[in-house]
Each structure stands twice: as C-alpha cells, then as structure tokens.
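Undergrad: These protein sequences, in sequence, are chains A and B.
Residues 1 to 410 in the working numbering are what the first sequence lists, from first letter to last.
Residues 1 to 422 in the working numbering are what the second sequence lists, from first letter to last.
The beta-carbon is built from N, C-alpha and C at its ideal position, and this holds for glycine as well.
What you are looking at is a predicted structure, and each value in this text was computed from that prediction instead of being measured.
Below are the structure tokens for one structure; questions will follow.
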Amino acid sequence: MNKIAFVVGVLCLWFVPVISQAQQYDLLIKNGRVIDPKNHIDSILDVAIAKGRIAKVAKNISVSETTKLVDATGLIVTPGLIDIHTHVFVGSKPDKFADGIYSLSPDDFTFKSGVTTVVDAGTSGWRNFPVFKSQVIDKSQTRILAFLNIAGGGMGGDPGQQDVNDMDSKMTALTVEQYPEVIVGIKIGHFEGTEWTPFEKALEAAKKSGKPLFVECHLPQLSLEEQLSRMRPGDIITHSFEKVSERMTVVDEQGRVRPFVMEAKNKGILFDVGHGGAGFWFSQAIPAFKQGLSPNSFGSDLHRFSMNAGMKSMLNIMAKYLNMGMSLEEVILRATWNAAKSIKRDDLGNLTEGMVADVSVLSLLNGNFGFIDAGGNKLEGNRKLEAELTIRAGKIVWDLNGIAAQKLKE
Amino acid sequence: MSKPRRNIFTGILLFLVCLHSLQAQQIDILLKGGHVIDPKNKIDTVMDIAITGNKISQVAPNIPGSNAKKIIDVKGLFVTPGIIDMHVHVFNGTDPDAYIANGSTSLPPDGFTFRAGVTTVVDAGSSGWRNFRLFKKQTIDRSQTRVLALLNIVGNGMTSRFEEQDVTDMNPVQTAHMIKRLFPDIIVGIKAAHYWGDFTQVDRAVEAGNFANVPVMVDFGEHDPPNSIEALFMKHLRPGDIFTHTFSYGPANRETVVDENGKVKPFIFEAQKRGIIFDVGHGGGAFSWRQAVPSMQQGFKPNVISTDLHSESMNSGMKDLSNLMSKFLNIGMTIQDVVLRATWNPAQTIKRPDLGNLSVGAEADIAVFNIRKGDFGFMDIRKTKIKGTQKLETELTIRAGKIVWDLNGLSAPMWDTELQKK
Chain A
1 MNKIAFVVGV LCLWFVPVIS QAQQYDLLIK NGRVIDPKNH IDSILDVAIA KGRIAKVAKN
61 ISVSETTKLV DATGLIVTPG LIDIHTHVFV GSKPDKFADG IYSLSPDDFT FKSGVTTVVD
121 AGTSGWRNFP VFKSQVIDKS QTRILAFLNI AGGGMGGDPG QQDVNDMDSK MTALTVEQYP
181 EVIVGIKIGH FEGTEWTPFE KALEAAKKSG KPLFVECHLP QLSLEEQLSR MRPGDIITHS
241 FEKVSERMTV VDEQGRVRPF VMEAKNKGIL FDVGHGGAGF WFSQAIPAFK QGLSPNSFGS
301 DLHRFSMNAG MKSMLNIMAK YLNMGMSLEE VILRATWNAA KSIKRDDLGN LTEGMVADVS
361 VLSLLNGNFG FIDAGGNKLE GNRKLEAELT IRAGKIVWDL NGIAAQKLKE
Chain B
1 MSKPRRNIFT GILLFLVCLH SLQAQQIDIL LKGGHVIDPK NKIDTVMDIA ITGNKISQVA
61 PNIPGSNAKK IIDVKGLFVT PGIIDMHVHV FNGTDPDAYI ANGSTSLPPD GFTFRAGVTT
121 VVDAGSSGWR NFRLFKKQTI DRSQTRVLAL LNIVGNGMTS RFEEQDVTDM NPVQTAHMIK
181 RLFPDIIVGI KAAHYWGDFT QVDRAVEAGN FANVPVMVDF GEHDPPNSIE ALFMKHLRPG
241 DIFTHTFSYG PANRETVVDE NGKVKPFIFE AQKRGIIFDV GHGGGAFSWR QAVPSMQQGF
301 KPNVISTDLH SESMNSGMKD LSNLMSKFLN IGMTIQDVVL RATWNPAQTI KRPDLGNLSV
361 GAEADIAVFN IRKGDFGFMD IRKTKIKGTQ KLETELTIRA GKIVWDLNGL SAPMWDTELQ
421 KK
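Printed below as a string of structure tokens:
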C-alpha cells in the first residue's frame with residue numbers, strides 16, 4: 001500500500017509541473033531582433049511573458065510552453081519606450097496645462113508609438129498633485145511618473161507661476177516623500193523674474209528628496225551658462241535644441257556648440273530633447289549631433305500644440321535621429337535604458353527577467369519620408385519606425401496589424 | 001451721354017472691375033497634380049485645387065502657380081474633401097461619476113481627427129439638452145476640428161447606463177427647441193441609444209426629429225431579447241434616419257443584419273431602399289468581420305463609414321477613420337466608394353450640403369492620402385483579422401485653409417535653407 005501511495009505521489013509530483021509547464025507562459029514573442037541595451041543584448045531571441053512579467057529571454061523557447069504566440073520575425077523587440085517629457089495633467093479648464101485642455105490624456109498617444117511610461121514634466125505642483133493623481137495617473141493604462149513643479153500650483157498659468165512665495169522646497173520635498181513610487185524629480189521652468197530664488201528652491205527640494213532637477217527653460221532672465229553651472233551631474237535640461245528668444249541656443253551663430261555647453265555635458269548634465277511645439281530645430285540639433293552633443297533622452301514634450309505639429313510622437317523623434325545618422329542601437333538606448341537611469345528607475349527600460357513586462361515591438365520602414373522641426377523646416381530620410389505591438393504589464397495594448405490576432409475563419 | 005454708350009461704358013467698367021478682382025484673388029495654397037476624388041461634383045481625375053483664405057477658390061487642371069503663395073506637390077496622392085466622421089464621442093471631461101457625458105470615455109477630438117484626414121466630427125449623443133451647453137463651452141468652442149452633434153433624446157445624455165433608461169427624461173419638445181431654436185448650426189440630429197425597453201425611446205426621438213426636421217440615429221444594442229430591427233426600419237424610423245453599429249455581432253442583445261447562415265436578411269436591402277442610412281459605428285464592440293465580409297460579398301454596403309471613437313475603441317481594432325476606410329478597401333470596396341461614404345454621404349445624411357465636397361466657395365477642408373502597399377492586417381472587435389495589401393495614410397490635412405497635419409513635410413522647406421538665409 002505504502003509503495004503504491006508513494007508511486008502515485010511521485011507520479012502526481014511528476015505530472016503537476018508538466019501540466020503547468022504547458023501553460024508556463026502567457027505570451028511568447030518569437031524570432032524578433034531583441035535590443036535591450038541595459039543587458040547588452042542585440043540579437044534574434046524569444047521573449048516569454050508570464051503573469052505580467054518578463055519570464056525568459058532566450059533562443060528557441062518552445063512554442064508548446066505558451067498560451068499565445070506572436071511571430072516577430074523581421075521586427076525589433078525593445079523594452080517599453082520611456083518618454084520623460086510630457087504634459088498629461090488633462091482636465092477641463094480652458095487655456096490651462098494644469099487640470100486643463102492643453103494637457104493630453106496619455107493613453108490617446110502612448111501605445112500607438114510604443115511608449116509604456118511617460119513622465120509628466122511639472123504640470124502639477126505639490127498643491128494639485130493629488131488631483132493629478134486621482135484624475136489621471138490612477139485612471140490611465142500608461143505608467144505615469146512625474147516631475148513635481150517647484151511652483152505649488154504647477155503649470156496653472158500666470159500670475160500664479162510667478163509667485164516666488166508659492167515655491168516651497170519643504171512642501172515639495174515632503175510631497176515627493178509621500179509618493180516615492182510616482183514622483184521622480186523636481187522641475188523648474190516658466191519663471192520670468194530676474195532672481196535665482198526659484199531655481200535655488202527647486203535645487204534645494206531636489207537635494208532634500210535625493211532626486212534629479214529637471215530644467216525646462218522658459219527662464220528668459222536667467223543665463224543658460226549659469227543654469228548649467230548650477231546644475232549637478234544627473235540633473236536634466238530639456239528643450240536642448242530650441243531656437244527661441246527666451247533662451248540662448250546651444251549652437252552659436254557660427255554653427256559651433258558653445259564650449260560651456262560641451263563642458264556641462266562632460267560634467268554629467270543630461271540633455272533631453274523636449275521637442276514640443278518650439279523646442280527642436282534641425283539647424284541646432286544637426287550641428288550639435290555632428291559635434292558630439294547628442295541627447296540623452298527623447299522627451300517629446302507632448303501637449304496640445306505639439307501633437308499634430310512636427311513632433312507627432314516620440315517614435316517620430318527617434319526616426320529623426322535615425323535619419324540624422326544615429327545608429328538604431330543608440331536610438332533605442334536613449335529611448336529606454338538611458339531614460340530610465342536619468343529618472344533613477346532601474347526597474348524600467350530593460351527586459352531583465354522578473355521585470356514588469358513592458359515591451360515594444362517596432363518595425364523599421366524603408367521609403368521616402370520627411371520630418372518637420374519646430375520651425376517648419378524639413379529633413380528628408382529613408383527610414384522610419386512604426387509601433388507594431390505594445391505590451392504594458394503583460395497585456396497587449398496596441399496591435400497595429402493584428403499580429404497577435406486570429407485570422408478570420410470564413 | 002446716350003443710353004447705349006452709357007451701357008457700353010458700364011460694361012467696360014464692370015469688365016475692368018471683374019478683371020481686377022480676378023487678379024487680386026491670390027492663391028494662398030495650391031495643391032498641384034493630385035488625383036481629386038470629389039463624389040458630389042463627380043470629379044475623379046487629376047486636378048489642381050486652389051485655396052484662398054479659408055475657401056476653395058478654384059478646382060481645375062493646370063492652375064498656374066504664378067499667383068500662389070505656397071505650392072504643394074501632391075502628385076501620386078489622392079485629394080478628397082475633408083473627411084467627416086459621423087459617429088464619435090468627444091464630450092471629454094472630468095466628472096468622476098460620468099462615463100461619456102463630461103467623462104473620460106469621451107476624447108478630445110483634435111488628437112485623433114487630423115492625422116486621419118478628418119476635419120468634421122459628429123458627436124453621437126454624448127450630451128442631451130441639459131448638458132449640451134457645457135459640451136459646447138468645454139469642447140466644441142475650443143477644438144480646431146469642426147464638432148457637430150446629435151443631441152441625445154435623454155436630457156442628461158450619456159451620463160451612465162442607468163440615467164439612459166429614464167423615460168421621464170426623454171423630452172421631445174425641449175430636445176427640438178434646443179436644436180431648432182438654439183443651436184441649429186451645430187446640432188444636426190438626435191440620438192437614441194443604450195435603451196433596454198421597448199420602442200418608446202426611438203419613438204420619442206423620432207417625435208423630436210419631426211419637430212426639428214432632423215434625422216435620428218439609433219444604437220439598438222441593449223435589448224434582451226433583441227427588439228426586431230425589421231420593425232425598427234419599416235415601422236418606427238423614417239427614410240433618412242440612421243442605424244448605427246451595422247456590423248455588430250452580439251446576437252443576444254442586438255439583432256444582426258447577417259443571419260447565422262451568413263446571409264444578409266432580405267429586409268435589410270428593402271430598408272436601405274426605403275432610405276434607412278446604415279452607419280458603421282465601429283467602436284470597441286460593434287464591428288465584426290463575420291458580419292461585414294458576407295455583407296460586402298452580397299452587395300450590402302454601409303451608407304456611411306464612421307468610427308464611434310472613444311477611449312475603449314481608440315487603441316483596439318478601430319484605431320482611426322483612415323484605418324476603417326482601409327478595411328473597406330481591402331474587402332473589395334473601391335476608393336471612390338470609400339471616399340463617398342466618408343464625405344458626401346455623411347454630409348447629406350446630416351443635411352449639411354456645405355460639407356463633404358470641394359465645390360468652389362466651400363470652406364477649404366481637404367484631406368490628402370497616400371495608399372501604402374504592403375502586407376497589412378486589420379482587426380475587428382472580436383480580435384479576428386483579415387489580411388490586406390493596401391492602407392490609407394494621411395499625408396496632409398487642411399482645415400478652413402490651414403494646414404493642420406503634414407505627415408512627411410510636404411508643405412515644408414528643407415531645413416538647411418534656414419542656414420543659407422544667413
């Protein structure tokens with residue numbers, strides 16, 4: 001009897017794993033070119049997903065082990081893209097970014113361009129962050145992180161944004177402490193005064209909370225050189241390649257990157273694109289790129305006035321750099337792991353086993369394309385990226401051509 | 001001066017004035033060399049289109065460019081009237097207790113329209129007479145897209161599925177006042193939707209439609225067991241009224257147009273002949289290949305192709321209107337037929353003959369498409385797909401004479417011209 005029980009027991013132990021192994025993965029992406037810069041991977045591999053996480057990245061994972069199979073032959077598989085500069089505190093207030101119609105709902109734009117994480121660039125401050133969180137962050141499928149504006153009311157418009165007394169480094173740092181999973185840094189921008197107090201307070205809040213400072217220009221009275229010199233390694237400046245009256249350009253009249261800008265880069269200041277409606281000009285970006293000043297990340301500065309302009313999507317910005325001569329691997333690096341590191345979120349922007357399964361499957365199109373900058377000028381190119389499939393926490397949230405769908409049985 | 005001489009003099013003067021005004025009529029944008037499809041005017045050939053101010057000033061072959069401020073070469077591309085999406089939900093707002101009326105299920109239109117060639121949308125009953133003014137102030141007045149609306153027969157519009165059942169809030173007289181007396185330029189019809197009961201809601205909507213002389217659109221998908229659509233088409237609706245979600249497959253709640261043997265029901269053809277307008281209204285749950293493919297094969301075509309854009313459809317099989325137009329291209333509809341169903345047909349349905357055409361004098365709402373060739377897939381809401389080889393892509397969208405979308409910089413100068421200017 002005991003022997004029979006033992007045999008039955010052993011058989012059960014044998015079969016149970018076999019049965020569960022048959023359903024070990026929920027989704028298997030086969031034969032794609034996996035580019036995972038953090039893990040130095042760039043080769044044809046399979047990516048298996050189980051329970052919303054990356055379960056395995058390897059060659060020849062058996063198709064019998066998965067419930068759903070996607071053939072990614074000829075496609076590029078990357079970590080879910082990260083857009084570190086967006087304005088998504090959408091609401092119904094007219095003429096406002098904070099809780100207003102100038103901001104956009106992220107899900108409307110992210111998944112169709114391969115983005116799974118966005119960082120809101122200080123649309124809210126410590127006073128209205130809770131509204132932002134309950135109204136947008138908690139209700140979106142996109143992962144939303146945030147830079148907290150040093151102005152208490154965030155981008156609530158003027159005159160509120162000019163009120164130095166409403167810039168409270170203590171309250172800002174305390175709010176960061178309260179939402180450590182969501183707030184990734186402090187933002188300064190949109191201040192028209194001559195005093196450095198707001199900048200100092202923002203830096204103070206960043207120091208207190210151990211987070212990077214995100215500098216979004218619109219600081220017409222404060223010199224670029226001094227902004228960069230006050231910033232610490234790891235702090236981020238955005239709208240890097242803009243050409244507007246309210247900030248000195250990074251490339252001078254002779255087409256040279258200014259020496260102090262190069263120095264700042266060498267010191268460890270991170271340059272984000274922050275394309276937006278006015279923040280990216282080929283006449284700045286191309287000479288800068290040729291001289292070694294390439295951006296660390298491709299923040300789109302997504303908002304109502306950039307969505308239909310030259311910006312379009314972060315994927316479009318990535319294609320601009322591809323056509324300017326940056327390699328595909330370098331482009332993916334900046335859209336994933338570099339972006340994750342800049343906001344100190346090592347859990348994002350990579351396909352390490354065990355990580356939340358945010359994955360982008362992209363196709364590289366060949367043809368004749370044109371790309372527009374903020375000045376309405378065009379660069380022609382022959383390559384372009386398109387988002388085929390986007391996966392957020394293991395769930396398919398975008399499928400352009402139905403590569404994960406069943407064929408109609410007629 | 002004798003009378004005849006005075007007449008000659010006046011004639012010469014008039015001639016000079018005319019000549020002067022012709023010369024003064026400068027062209028702001030000249031679209032050159034595109035294949036123009038303008039179903040209303042029966043144009044389907046290569047032509048140029050001139051825009052002056054916010055209006056179309058000339059449609060003709062070989063318009064000289066000497067008078068044009070900007071010439072855009074659209075050779076090899078299709079040029080159509082700005083696309084009309086007759087079924088969307090755009091009453092976006094922050095009421096945490098509401099879903100479509102002032103809620104997050106509705107979307108702000110501008111992020112979806114221009115990139116799909118759409119210049120006019122018709123909100124399909126997100127608001128009723130009680131909250132239409134808020135919708136207007138919050139969304140309609142602040143969008144670049146032209147936003148028209150069907151007013152819900154329910155006063156509160158689409159606040160939640162439960163408010164939508166309230167027959168005491170279905171007021172035909174007030175609904176008609178709102179349309180005819182207050183907002184005749186914006187409200188183009190009435191919507192009846194999501195009702196669980198008998199024909200009461202539809203009948204009230206038609207009553208309001210008669211008072212205001214506008215069409216009614218019906219979403220008939222939430223009856224258990226389903227109400228007869230034959231009775232709906234033949235007894236309750238009028239010619240010119242609209243049936244939406246035509247190719248939905250959810251037979252437990254909505255009677256289908258194709259039966260379980262794959263045959264289009266005979267009364268469907270009769271209903272279309274009677275003047276019932278069949279609208280696609282794809283949405284997140286209302287377009288199945290198992291209904292659409294047999295329909296096309298048996299000669300039943302929808303009158304209007306529309307999206308039912310909202311947060312649950314935007315990232316699904318629906319995506320955008322150019323994607324839907326591509327679906328019909330790939331199941332055998334010609335490009336001319338597709339364009340008709342997204343321009344002049346919806347314009348006529350909502351009784352807005354000023355829209356959906358490229359007549360001289362019309363507001364310059366124009367879409368320019370390329371047809372991409374390749375291997376594409378198109379999903380329905382049941383996550384089944386068809387394969388296809390053609391896909392429409394929006395190259396350029398012009399709204400009231402203004403370029404609001406330019407995918408590949410057709411209208412832009414090369415970047416280094418900026419450096420050469422120095």
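In whole angstroms, what separates the C-alpha of H239(A) from that of F214(A)?
TA: Cα to Cα, H239(A) sits roughly 11 angstroms from F214(A).
Undergrad: According to a CB-to-CB cut-off of less than 7 angstroms, which residues of the stretch 376-404 of chain A neighbour chain B?
TA: If the cut-off is 7 angstroms between Cβ atoms, the stretch 376-404 of chain A has G376, N377, K378, L379, V397, W398, D399, N401, G402 and I403 near chain B.
Undergrad: In the DSSP assignment, what residue or residues form a beta bridge with W398(A)?
TA: W398(A) pairs with T390(A).
Undergrad: Out of A412(B), P266(B) and L321(B), state which residue places its alpha-carbon closest to the alpha-carbon of T394(B).
TA: Of the candidates A412(B), P266(B) and L321(B), the one whose C-alpha sits nearest the C-alpha of T394(B) is L321(B).
Undergrad: Kindly provide the ranges of any beta strand (DSSP E) runs that are 3 or more residues long and lie completely inside the stretch 67-122 of chain A, ordered along the chain.
TA: The stretch 67-122 of chain A contains these whole beta strand (DSSP E) runs: 76-79, 81-86 and 90-93.
Undergrad: Does S283(A) come within less than 8 angstroms of chain B when only Cβ atoms are used?
TA: By this cut-off, S283(A) is an interface position.
Undergrad: Under 8 angstroms, do I431(A) and P198(A) count as touching if we go by C-beta distance?
TA: Outside the shown range of chain A (1 to 410) lies residue 431(A), about which nothing can therefore be said.
Undergrad: Using a Cβ-Cβ cut-off of 6 angstroms (strictly less than) and excluding sequence neighbours within five positions of G317(B), which residues of its own chain qualify?
TA: Excluding sequence neighbours, G317(B) sits near M379, D380 and I381.
Undergrad: Cβ of M324(A) less than 8 angstroms from any chain B Cβ?
TA: So no, M324(A) is outside the interface.
Undergrad: Could you tell me whether the Cβ atoms of S106(B) and H310(B) are closer together than 8 angstroms?
TA: Yes, the Cβ-Cβ distance between S106(B) and H310(B) is below 8 angstroms.
Undergrad: Whose C-beta lies closer than 8 angstroms to the C-beta of V257(A) among residues of the same chain, with five residues either side of it excluded?
TA: Answer for V257(A): V250, V251, P287, A288, Q291, G292 and L293, listed in chain order.
Undergrad: Measuring alpha carbon to alpha carbon, tell me which of W415(B), V404(B) and L419(B) ends up nearest N54(B).
TA: Closest option to N54(B), Cα to Cα, is V404(B).
Undergrad: Interface residues of chain A around N156(B) at Cβ under 9 angstroms?
TA: Within chain A, no residue comes near N156(B); the closest Cβ sits about 17 angstroms away, beyond 9 angstroms.
Undergrad: Compare the C-beta of F129(A) with all C-beta atoms of chain B and state if any pair is closer than 8 angstroms.
TA: Chain B, which has no Cβ nearer than 8 angstroms to the Cβ of F129(A), makes this no.
Undergrad: Do V90(A) and S113(A) count as a contact pair if the criterion is CB distance below 8 angstroms?
TA: Cβ distance not < 8 angstroms, so S113(A) and V90(A) don't count as in contact.
Undergrad: What's the C-alpha gap between K265(B) and F278(B)?
TA: For K265(B) and F278(B), the distance between alpha carbons rounds to 14 angstroms.
Undergrad: Restricting to runs no shorter than 4 residues, where is the alpha helix (DSSP H) found entirely within the stretch 126-173 of chain A?
TA: Listed in chain order, the complete alpha helix (DSSP H) runs (minimum 4 residues) inside the stretch 126-173 of chain A are 129-135.
Undergrad: Report the rounded CA-to-CA distance for Q161(A) versus G122(A), giving the unit in angstroms.
TA: So the two alpha carbons sit approximately 12 angstroms from each other.
Undergrad: Do S411(A) and K133(A) have their C-beta atoms closer together than 8 angstroms?
TA: Because chain A is modelled from 1 through 410, residue 411(A) falls outside the range shown and cannot be assessed.
Undergrad: Which residues does DSSP pair with P81(B) in a beta bridge?
TA: Its beta-bridge partners are I366(B).
Undergrad: Which same chain residues, not among the five before or five after V18(A), have their C-beta less than 7 angstroms away from its C-beta?
TA: Because the pLDDT of V18(A) is 45, which lies under 50, any placement of that residue in the model is unreliable, and the number read from its coordinates should be weighed accordingly. For V18(A), where only same-chain residues beyond five positions count, there are no Cβ hits under 7 angstroms.
Undergrad: Name the residue from S342(A), D158(A) and H275(A) whose alpha carbon lies nearest to the alpha carbon of M307(A).
TA: With distances taken between Cα atoms, M307(A) lies closest to H275(A).
Undergrad: Please classify H190(A) as buried or exposed, where buried requires at least 16 other C-beta atoms within 10 Å of its C-beta.
TA: H190(A) is buried by the Cβ-count criterion.
Undergrad: Which partner residues does I403(A) have in the DSSP bridge list?
TA: Its beta-bridge partners do not exist; DSSP assigns none.
Undergrad: With H, G and I counted as helix, E and B as strand and the rest as coil, what does DSSP make of Y321(A)?
TA: Reduced to three states, the DSSP call for Y321(A) is helix.
Undergrad: Where S313(A) and M178(B) are concerned, what is the direct C-alpha to C-alpha distance, given to the nearest angstrom?
TA: Roughly 40 angstroms separates the two Cα atoms.
Undergrad: Using the C-alpha atoms, what's the distance from G125(B) back to K136(B)?
TA: Each residue's Cα considered, the two are about 13 angstroms apart.
Undergrad: Within the 8 angstroms Cβ cut-off, does M379(B) reach chain A?
TA: Cβ-Cβ to chain A under 8 angstroms: yes for M379(B).
Undergrad: Could you check the C-alpha separation between K263(B) and V88(B) for me, to the nearest Å?
TA: Cα-Cα distance, rounded: 29 angstroms.
Undergrad: Of all the CB atoms in chain A, is at least one closer than 8 angstroms to the CB of S306(B)?
TA: No, no contact with chain A.
Undergrad: In the DSSP assignment, what are the bridge partners of E380(A)?
TA: E380(A) pairs with G370(A).
Undergrad: Which residue spans inside the stretch 333-409 of chain B form an unbroken beta strand (DSSP E) run of at least 3?
TA: Fully enclosed beta strand (DSSP E) runs of 3 or longer: 366-379, 384-399 and 402-406.
Undergrad: Taking 8 angstroms as the cut-off, decide whether the C-beta atoms of S300(A) and H85(A) are in contact.
TA: Contact: yes.
Undergrad: Compare the C-beta of K207(A) against all C-beta atoms of chain B and say whether one is closer than 8 angstroms.
TA: So no, K207(A) is outside the interface.
Undergrad: Pick helix, strand or coil for Q272(B), following the three-state DSSP scheme.
TA: DSSP places Q272(B) in helix when its eight states are reduced to three.
Undergrad: Using beta-carbon positions only, say whether K30(A) and A98(A) come within less than 8 angstroms of one another.
TA: Against a cut-off of 8 angstroms, the Cβ pair of A98(A) and K30(A) comes out as no contact.
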